[in-house]
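In our numbering, the protein residues as written are 100 to 554. Every residue gets a Cβ at the ideal spot worked out from N, C-alpha and C, and that includes glycine. Computed from a predicted model, the values in this text were never measured in an experiment. Taking it in order: structure first as structure tokens, then the write-up.
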Amino acid sequence: MIKVGLVSLGCAKNLIDSEVMIGHLQQAGMTMTPDADLADVLIINTCSFIDMAKKESIGAVHEAVDGRAEEPRRSKQKIIVAGCMSQRFAQELPGLMPDVDAFIGLDQVTQVAPIILGLMGREKEADAAPDNHVTNQPKWIPDYDTPRFRLTPKHMAYVKIAEGCNHTCSFCIIPRIRGRHRSRTQESVVREVQELVRSGVKEINLISQDTTYFGMDMWTDSRPNPRSPVDSSKGDSLATLLTALNAIEGDFWIRLLYTHPAHWSDELIETIARCEKVARYVDMPLQHISTHMLDLMKRETNGAYIRDLIQRMRAGIPNIAIRTTFIVGFPGETEEDFNELIRFIEDEKFERAGVFEYSREEGTRAATMEEHVHHMTRKRRWNEAMRAIQRNVENVNQQLNGRELKVLVEEPGVARGEWDAPDIDATVMVDKNLPVGSFANVTIKDWRGYDLIAV
100 MIKVGLVSLG CAKNLIDSEV MIGHLQQAGM TMTPDADLAD VLIINTCSFI DMAKKESIGA
160 VHEAVDGRAE EPRRSKQKII VAGCMSQRFA QELPGLMPDV DAFIGLDQVT QVAPIILGLM
220 GREKEADAAP DNHVTNQPKW IPDYDTPRFR LTPKHMAYVK IAEGCNHTCS FCIIPRIRGR
280 HRSRTQESVV REVQELVRSG VKEINLISQD TTYFGMDMWT DSRPNPRSPV DSSKGDSLAT
340 LLTALNAIEG DFWIRLLYTH PAHWSDELIE TIARCEKVAR YVDMPLQHIS THMLDLMKRE
400 TNGAYIRDLI QRMRAGIPNI AIRTTFIVGF PGETEEDFNE LIRFIEDEKF ERAGVFEYSR
460 EEGTRAATME EHVHHMTRKR RWNEAMRAIQ RNVENVNQQL NGRELKVLVE EPGVARGEWD
520 APDIDATVMV DKNLPVGSFA NVTIKDWRGY DLIAV
């Protein structure tokens with residue numbers, strides 16, 4: 100029996116790809132092992148979104164290759180590099196990493212078992228190039244019955260509702276890696292969530308590169324442009340999907356991640372307000388507030404639009420928490436642009452937020468722009484923006500002190516509230532006797548930094 104080890108790096112979207120690979124490997128009769136020394140095949144599912152992620156992926160591959168050379172019982176182990184880095188550098192990696200046995204891309208996650216069978220028992224000649232199975236412009240999307248072994252706790256799951264992205268943000272390489280946006284059918288998503296809820300899942304996290312664009316690529320009357328708002332009169336959309344998911348019986352949260360501000364509409368706001376199972380939490384990366392910077396970033400929005408959207412969201416969805424991210428130090432960002440961003444963060448008092456220093460990524464438009472910001476200036480701006488965000492969070496936590504919150508218990512003594520996404524946001528310290536994987540109502544008694552205390 101073939102034993103397979105898998106290292107999964109990167110975001111939740113990559114994690115689902117890993118889960119799908121494991122599901123197909125188990126279906127083919129292979130077994131998984133957490134011990135690399137015992138694996139006949141070791142798969143590294145890589146990330147390549149920003150430079151730091153790329154370095155982590157390269158380090159994991161080198162570690163695997165070195166471990167095989169140093170450990171005699173791993174001498175015949177096969178190493179497969181999968182995921183975004185393989186897809187992004189499909190032509191370069193076989194020459195740069197000749198000791199790898201095979202490279203697979205995003206369209207090969209369901210074909211990993213036959214690829215492994217093709218490698219087993221075959222000695223790779225010293226000067227032979229690795230097998231390269233990566234295809235251009237990925238087209239695959241999961242379905243409700245796609246074999247999958249979840250790597251998340253039993254009480255929560257990620258559901259990928261679409262793949263790819265049609266936006267052309269000048270800093271982002273994702274559309275070139277994952278291809279154009281392609282939605283699953285609404286029926287497919289609903290059937291998957293129904294099964295997850297029946298199995299005991301308490302939190303459904305909807306993810307894609309652009310969650311708010313769900314269904315819009317399948318509208319028949321016209322091809323939506325990057326500024327199209329959610330409009331269910333034209334066909335299935337995020338609004339119709341949330342309505343259908345909200346009708347599923349059971350006590351569970353539906354959490355929205357990776358929404359793009361350009362597609363929000365009053366209809367979507369009204370739908371979230373009406374659907375009691377949709378968490379009062381929205382992840383909406385804004386990247387900046389200066390119209391000058393948003394134009395350079397090709398974000399399809401401007402400062403006035405964003406300010407108006409946030410006002411409408413807060414007015415239309417009581418007790419909503421908005422989580423966002425910003426980029427500082429983007430090419431051309433002036434002190435005036437940055438100061439406008441700081442004032443915006445302080446004025447809007449986002450419940451949850453994060454900041455990235457601009458990362459220069461080859462293959463993006465921003466990489467060739469002039470007026471790149473000095474790395475020390477980027478670091479200073481990052482520190483200042485993070486301090487402003489931390490002040491906001493402290494103010495939010497002070498207001499929560501003494502309030503009763505519904506939380507989902509993650510592990511003994513640790514829970515998350517409705518405003519906190521897994522592995523991203525804060526936690527709530529609770530009674531260790533509360534059952535893991537269940538909801539509980541607790542009273543907040545104190546807070547420390549980003550985290551709340553209810554014990």
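**Request:** Specify, as a first and last residue, the run of the beta strand (DSSP E) that residue 107 falls within.
**Result:** For the purposes of this step, residue 107 is taken as residue 8 along the sequence shown, with counting starting at 1. Annotation for residue 107: the continuous beta strand (DSSP E) segment containing it runs 102-107.
**Request:** Using the Cα positions of residue 515 and residue 527, report the straight-line distance between them to the nearest angstrom.
**Result:** For the purposes of this step, residue 515 is identified with residue 416 of the sequence shown, where counting begins at 1. For the purposes of this step, residue 527 is identified with residue 428 of the sequence shown, where counting begins at 1. Their backbone Cα atoms lie some 5 Å apart in a straight line.
**Prompt:** Does the stretch 282-301 come close enough to the stretch 310-319 to have 3 or more Cβ pairs within less than 8 Å?
**Reply:** With a cut-off of 8 Å, the stretch 310-319 and the stretch 282-301 count as touching, because enough Cβ pairs lie within range.
**Message:** Using 8 Å as the cut-off, can you tell me whether the stretch 129-143 makes contact with the stretch 179-196, which would need three or more C-beta pairs spanning the two stretches below that distance?
**Reply:** They touch, by the three-pair rule.
**Message:** Which residue marks the beginning of the alpha helix (DSSP H) containing residue 481, and which one marks its end?
**Reply:** Numbered from 1 along the sequence shown, position 382 holds the residue referred to as residue 481. For residue 481, the uninterrupted alpha helix (DSSP H) segment begins and ends at 474-499.
**Request:** Report the rounded CA-to-CA distance for residue 452 versus residue 488, giving the unit in angstroms.
**Result:** For the purposes of this step, residue 452 is identified with residue 353 of the sequence shown, where counting begins at 1. For the purposes of this step, residue 488 is identified with residue 389 of the sequence shown, where counting begins at 1. Going from the Cα of residue 452 to the Cα of residue 488 covers about 7 Å.
**Asked** Taking C-beta to C-beta, are residue 418 and residue 356 nearer than 7 Å?
**Response** Here the question's residue 418 lines up with position 319 in the sequence shown. Here the question's residue 356 lines up with position 257 in the sequence shown. Residue 418 places its beta carbon 7 Å or farther from that of residue 356.
**Message:** Taking the alpha carbon of residue 135 as the reference point, which residue from 302, 456, 360, 104 has its own alpha carbon closest?
**Reply:** In the sequence shown, residue 135 corresponds to position 36, counting from 1. Ranked by Cα distance from residue 135, the first of 302, 456, 360, 104 is 104.
**Message:** Just list the residues that DSSP pairs residue 503 with in beta bridges.
**Reply:** For the purposes of this step, residue 503 is taken as residue 404 along the sequence shown, with counting starting at 1. In DSSP, residue 503 forms a bridge with 542.
**Request:** Please classify residue 550: does DSSP put it in a helix, a strand, or coil?
**Result:** Position 451 of the sequence shown holds residue 550. The answer is strand: DSSP assigns residue 550 an E or B state.
**Asked** How would you write the range of the alpha helix (DSSP H) that residue 335 sits in, first residue to last?
**Response** Numbered from 1 along the sequence shown, position 236 holds the residue referred to as residue 335. Counted as a single uninterrupted DSSP element, the stretch harbouring residue 335 is not any alpha helix (DSSP H), since DSSP gives it neither H nor E.
**Message:** For residue 252 and residue 509, which I take to be in contact (beta-carbon distance under 8 Å), what is that distance rounded to the nearest angstrom?
**Reply:** The residue you call residue 252 lines up with position 153 of the sequence shown. The residue you call residue 509 lines up with position 410 of the sequence shown. Rounded, the Cβ-Cβ distance is 7 Å, consistent with contact.
**Prompt:** Which class does residue 177 belong to by DSSP, given the choice of helix, strand or coil?
**Reply:** Position 78 of the sequence shown, counted from the start, is the residue given in the question as residue 177. It is a strand residue.
**Under 7 Å between C-beta atoms of residue 456 and residue 477** = Counting from one through the sequence shown, the residue named residue 456 turns up at place 357. Counting from one through the sequence shown, the residue named residue 477 turns up at place 378. For residue 456 and residue 477, yes; Cβs fall inside 7 Å.
**Item:** Buried or exposed by the 16-neighbour rule on C-beta atoms within 10 Å, applied to residue 365
**Value:** For the purposes of this step, residue 365 is taken as the residue at position 266 of the sequence shown. Under this definition residue 365 is an exposed residue.
**Of the listed residues 406, 400, 424, 255, nearest to residue 382 (C-alpha basis)** = Counting from one through the sequence shown, the residue named residue 382 turns up at place 283. Of 406, 400, 424, 255, the residue nearest in Cα terms is 424.
**CA-to-CA distance, residue 176 to residue 401, given in whole angstroms** = Your numbering for residue 401 matches position 302 in the sequence shown. Your numbering for residue 176 matches position 77 in the sequence shown. About 52 Å.
**Short Cβ contact (7 Å threshold) for residue 124 with residue 102** = Start at 1 with the first residue of the sequence shown, and residue 124 comes out as number 25. Start at 1 with the first residue of the sequence shown, and residue 102 comes out as number 3. No, the Cβ-Cβ distance between residue 124 and residue 102 is not below 7 Å.
**Request:** Rounded to whole angstroms, what's the CA-CA distance from residue 469 to residue 395? Just pull it up for me.
**Result:** Counting from 1 along the sequence shown, the entry for residue 469 is found at position 370. Counting from 1 along the sequence shown, the entry for residue 395 is found at position 296. Cα to Cα, residue 469 sits roughly 11 Å from residue 395.
**Request:** Please check if any C-beta of chain C sits within less than 7 Å of the C-beta of residue 401.
**Result:** Chain labels in this structure do not include chain C; a single protein chain is all it has.
**Request:** Answer yes or no: do residue 495 and residue 450 have a C-beta to C-beta separation smaller than 7 Å?
**Result:** The sequence position of residue 495 within the sequence shown is 396, counting from 1. The sequence position of residue 450 within the sequence shown is 351, counting from 1. A Cβ-Cβ contact shorter than 7 Å links residue 495 with residue 450.
**Request:** Compute the distance between the beta-carbons of residue 111 and residue 243, then report whether it is under 7 Å.
**Result:** Locating residue 111 in the sequence shown gives position 12, counting from the first residue. Locating residue 243 in the sequence shown gives position 144, counting from the first residue. Contact flag unset, no.
**Prompt:** Could you give the uninterrupted runs of the beta strand (DSSP E) lying entirely in the stretch 399-454, keeping only those of 3 residues or more?
**Reply:** Complete beta strand (DSSP E) runs here, min 3: 420-427.
**Asked** Taking three-plus beta-carbon pairs below 8 Å as touching, is the stretch 184-201 in contact with the stretch 154-167?
**Response** The way I'd put it, the stretch 184-201 does touch the stretch 154-167; three or more beta-carbon pairs between them come closer than 8 Å.
**Residue of 276, 524, 297 minimising C-alpha distance to residue 308** = One-based indexing of the sequence shown puts residue 308 at position 209. Distances from the alpha-carbon of residue 308 to those of 276, 524, 297 put 276 closest.
**Item:** Run of the beta strand (DSSP E) containing residue 381, from where it starts to where it stops
**Value:** For the purposes of this step, residue 381 is taken as the residue at position 282 of the sequence shown. Taken as a continuous stretch (DSSP letters only), the beta strand (DSSP E) holding residue 381 covers 377-382.
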